[in-house]
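Data first, discussion second: the structure below is written as structure tokens.
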Amino acid sequence: MAVAMDANRLHLKGLELQLTATAGALSPQVLGALARHGTPLRWAITACCRQGGQRLLSVEAVVLAESSQAMQP
Amino acid sequence: MSAAPLPTLLVVPSGIGCERGGYAGDALPLARLLAGASGCLVTHPNVMNAASLYWSDQRIHYVEGYALDRFCAAELALRPRRGRRVGVLLDAGIEAQLQWRHRQVADAARASLGLEVGPVVTTDVPLGVSLRLGESGISWGGLEQPGTLLRAGESLVQAGAEAIAVVTRFPDDPDSASLAAYRAGGGVDALAGAEAVISHLLVRRLGIPCAHSPALAPLPLREDLDPRAAAEELGFTFLSCVLVGLSRAPDLIPAAEARATDLHPDALGAVVSVADALGGAGVLACAERGLPVIALRNPCALQVNAAALDLEVMPADSALEAAGLVTALREGLSPSALRHPSRRLG
Numbered sequence: 185m186a187v188a189m190d191a192n193r194l195h196l197k198g199l200e201l202q203l204t205a206t207a208g209a210l211s212p213q214v215l216g217a218l219a220r221h222g223t224p225l226r227w228a229i230t231a232c233c234r235q236g237g238q239r240l241l242s243v244e245a246v247v248l249a250e251s252s253q254a255m256q257p
Numbered sequence: 028m029s030a031a032p033l034p035t036l037l038v039v040p041s042g043i044g045c046e047r048g049g050y051a052g053d054a055l056p057l058a059r060l061l062a063g064a065s066g067c068l069v070t071h072p073n074v075m076n077a078a079s080l081y082w083s084d085q086r087i088h089y090v091e092g093y094a095l096d097r098f099c100a101a102e103l104a105l106r107p108r109r110g111r112r113v114g115v116l117l118d119a120g121i122e123a124q125l126q127w128r129h130r131q132v133a134d135a136a137r138a139s140l141g142l143e144v145g146p147v148v149t150t151d152v153p154l155g156v157s158l159r160l161g162e163s164g165i166s167w168g169g170l171e172q173p174g175t176l177l178r179a180g181e182s183l184v185q186a187g188a189e190a191i192a193v194v195t196r197f198p199d200d201p202d203s204a205s206l207a208a209y210r211a212g213g214g215v216d217a218l219a220g221a222e223a224v225i226s227h228l229l230v231r232r233l234g235i236p237c238a239h240s241p242a243l244a245p246l247p248l249r250e251d252l253d254p255r256a257a258a259e260e261l262g263f264t265f266l267s268c269v270l271v272g273l274s275r276a277p278d279l280i281p282a283a284e285a286r287a288t289d290l291h292p293d294a295l296g297a298v299v300s301v302a303d304a305l306g307g308a309g310v311l312a313c314a315e316r317g318l319p320v321i322a323l324r325n326p327c328a329l330q331v332n333a334a335a336l337d338l339e340v341m342p343a344d345s346a347l348e349a350a351g352l353v354t355a356l357r358e359g360l361s362p363s364a365l366r367h368p369s370r371r372l373g
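Quick mapping for you: the protein sequence lines, in order, are chains A and B.
Note that this note's numbering has the first sequence beginning at 185, numbered continuously upward.
Note that this note's numbering has the second sequence beginning at 28, numbered continuously upward.
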């Protein structure tokens with residue numbers, strides 16, 4: 185499970201996304217949406233409602249991202 | 028002669044205000060019950076950790092949340108261990124006297140429980156834990172120095188640690204309304220989200236069992252303390268349960284490298300989780316793999332239920348009903364045969 189991210193450049197980002205779910209498994213859809221922001225560390229669907237026949241998901245997450253410069257303590 | 032064990036997963040998400048399991052190890056009785064029903068339970072530290080209190084059961088596998096999600100996604104298998112060396116990682120932001128209290132817990136675990144604990148390392152700089160609530164009202168959190176945390180973890184592994192108990196200084200806010208609500212048996216555990224992020228970071232990087240214990244100043248006595256929160260106000264630290272849990276946590280093995288004696292994710296036979304919180308990574312992964320999901324009524328801050336997610340589940344109104352369903356599955360009994368009236372086939 186070791187990852188190639190540079191620990192010195194790592195930072196955490198909190199996210200709250202809205203996602204329109206399509207038919208089929210939800211996990212790949214959520215992971216795909218989160219991947220645009222960083223590497224998912226922890227996430228959950230925290231709300232789900234239907235609007236006009238579509239299923240809208242609220243997802244809260246923490247993702248890992250690398251800064252362009254090393255983070256100095 | 029009883030049926031072979033039915034490996035069962037129990038997930039009670041932390042930081043979402045569960046009526047049972049949202050406090051200080053108050054889902055432990057549920058875990059003990061399901062361990063008896065299934066013969067083999069896989070669950071996470073939030074369920075098993077009761078600060079100064081703990082329960083060691085060889086039928087219960089203590090698996091941190093990030094690793095649990097990977098197990099549910101069939102990426103990891105679990106290799107049981109009789110014991111392992113637990114290193115302790117202390118946040119430099121913990122004041123000296125409180126650091127000593129934690130070191131003494133480590134000593135007590137060695138002297139009185141015979142656990143292998145050590146070494147103890149302190150981070151270069153304070154880790155800077157922050158707390159926040161999401162839009163939904165559930166607990167999240169952050170860390171100013173993730174690189175510092177990971178470097179300290181790596182140094183522990185190089186020094187021989189096979190698991191890491193990480194202790195970070197959390198902000199004290201003894202007069203906050205949320206803490207008062209928590210101690211009275213309401214609201215959300217505000218620490219849980221940050222705790223999960225910290226342990227997830229370490230497990231993801233190091234591939235070994237990790238669990239978190241917050242370092243906080245002791246609270247003044249409250250006579251009307253809710254019993255579910257009481258375990259966290261018995262001592263100076265929350266570390267004892269973490270050391271016990273990690274001491275027998277299973278190895279995390281890539282599923283493709285699993286041996287016959289490992290617990291492979293394909294062997295999972297049932298999942299028990301919170302009926303209104305089915306949208307977490309692990310439970311969703313299990314549901315999407317076609318595993319039976321027992322949705323246990325356990326009011327919380329969320330309303331993400333089976334109907335909302337288009338999932339088929341077996342509802343359970345109580346822990347006892349959930350245990351009955353696990354027993355039925357273990358014995359190969361159709362739960363519908365135990366409900367009245369029975370429907371005709373033709």
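Glycine residues also receive a C-beta, built at the ideal position from the N, C-alpha and C atoms.
Here the structure is a predicted model, which is why all the values come from computation and not from measurement.
Asked: Beta-carbon contacts of L196 (chain A) that lie in its chain and below 6 Å, excluding the five residues immediately before and after; Found: V246
Asked: Unbroken beta strand (DSSP E) run spanning L248 (chain A), endpoints; Found: 238–250
Asked: Cβ distance (whole Å) where L194 (chain A) is taken to contact P173 (chain B) below 8 Å; Found: 5 Å
Asked: One or two residues paired with M341 (chain B) in a DSSP bridge; Found: B:I321
Asked: Same chain, Cβ closer than 7 Å to G180 (chain B), five either side skipped, listed in chain order; Found: L116, I191, L229, R232, L233
Asked: Beta carbon proximity, G198 (chain A) to chain B, threshold 7 Å; Found: yes
Asked: Other residues of its chain near E91 (chain B): CB distance less than 7 Å, five sequence neighbours each side excluded; Found: H71, P72, S226, V230, P236, C237, A238
Asked: Straight-line Cα distance separating G169 (chain B) from A219 (chain B); Found: 11 Å
Asked: Runs of beta strand (DSSP E) wholly within the region 143–206 of chain B (minimum 3 residues, chain order); Found: 144–149, 156–160, 166–170, 190–196
Asked: is_contact[P257 (chain A), chain B] using C-beta, thresh 7 Å; Found: The predicted position of P257 (chain A) is uncertain, since its pLDDT is 46 and thus under 50; a value taken from the coordinates is nonetheless stated next. Yes, P257 (chain A) counts as interfacial toward chain B.
Asked: Exposure of A186 (chain A), with buried meaning 16 or more beta-carbon neighbours within 10 Å; Found: Residue confidence is low: A186 (chain A) scores 47 on pLDDT, short of 50, so the model does not pin down where it sits. Its coordinate-derived value is still stated next. The residue is exposed, with fewer than 16 neighbouring Cβ atoms inside 10 Å.
Asked: Which listed residue (B:R357, B:A304, B:A242, B:L246) has its alpha carbon closest to that of A62 (chain B); Found: B:R357
Asked: Y81 (chain B) in three-state terms, based on DSSP; Found: coil
Asked: Delimiting residues of the alpha helix (DSSP H) encompassing Q124 (chain B); Found: 123–140
Asked: The region 292–303 of chain B contacting the region 108–128 of chain B, beta-carbon criterion three pairs below 8 Å; Found: no
Asked: Start and end residues, alpha helix (DSSP H) containing H367 (chain B); Found: Taken as a continuous stretch (DSSP letters only), H367 (chain B) belongs to no alpha helix (DSSP H), as it is neither H nor E.
Asked: Interface partners of H195 (chain A) on chain B, CB under 7 Å; Found: P173
Asked: Reference W127 (chain B), options B:T264, B:Y81, B:L365, B:L329, closest by Cα; Found: B:T264
Asked: Pick from B:S41, B:P32, B:R106, B:L246 that is closest to A283 (chain B), judged by C-alpha positions; Found: B:R106
Asked: Partner residues on chain A for P40 (chain B), Cβ-Cβ distance less than 8 Å; Found: A228
Asked: Opening and closing residue of the alpha helix (DSSP H) in which S65 (chain B) lies; Found: 55–65
Asked: Whole-angstrom C-beta distance between T354 (chain B) and A64 (chain B), which should lie under 8 Å; Found: 5 Å
Asked: Pick from B:R210, B:P277, B:V224, B:V271 that is closest to L246 (chain B), judged by C-alpha positions; Found: B:R210
Asked: Residues that A335 (chain B) contacts on chain A, provided the C-beta gap is smaller than 7 Å; Found: C232
Asked: Rounded straight-line distance, which links the Cα of D202 (chain B) to that of R366 (chain B); Found: 50 Å
Asked: Which residues DSSP lists as bridging P241 (chain B), in chain order; Found: B:T195
Asked: Contact set between L273 (chain B) and chain A, taken where Cβ atoms lie within less than 9 Å; Found: None at all; the shortest Cβ gap to chain A is about 17 Å.
Asked: CB contact check: E46 (chain B) to chain A, cutoff 7 Å; Found: no
Asked: Neighbour list for E244 (chain A) in chain B, Cβ cutoff strictly below 8 Å; Found: G161, E162, S163, I165, W167
Asked: CA-to-CA distance, H88 (chain B) to C232 (chain A), given in whole angstroms; Found: 32 Å
Asked: 7 Å Cβ cutoff, L203 (chain A) in contact with chain B; Found: no
Asked: Rounded separation between I280 (chain B) and A94 (chain B) - CA only; Found: 10 Å
Asked: Outcome for E189 (chain B) when other beta-carbon atoms lying within 10 angstroms are tallied against a minimum of 16; Found: buried
Asked: G120 (chain B) at chain A interface by Cβ criterion, 7 Å; Found: no
Asked: Close-in-space but distant-in-sequence residues of the same chain around M255 (chain A) (CB under 8 Å, 5 per side omitted); Found: Low per-residue confidence applies at M255 (chain A): pLDDT is 47, beneath 50, and the placement is therefore not dependable enough to give any value.
Asked: Which listed residue (B:P277, B:L248, B:A242) has its alpha carbon closest to that of S266 (chain B); Found: This sequence places Leu at residue 266 (chain B); Ser is not what is there. For L266 (chain B), the nearest C-alpha among the options comes from B:A242.
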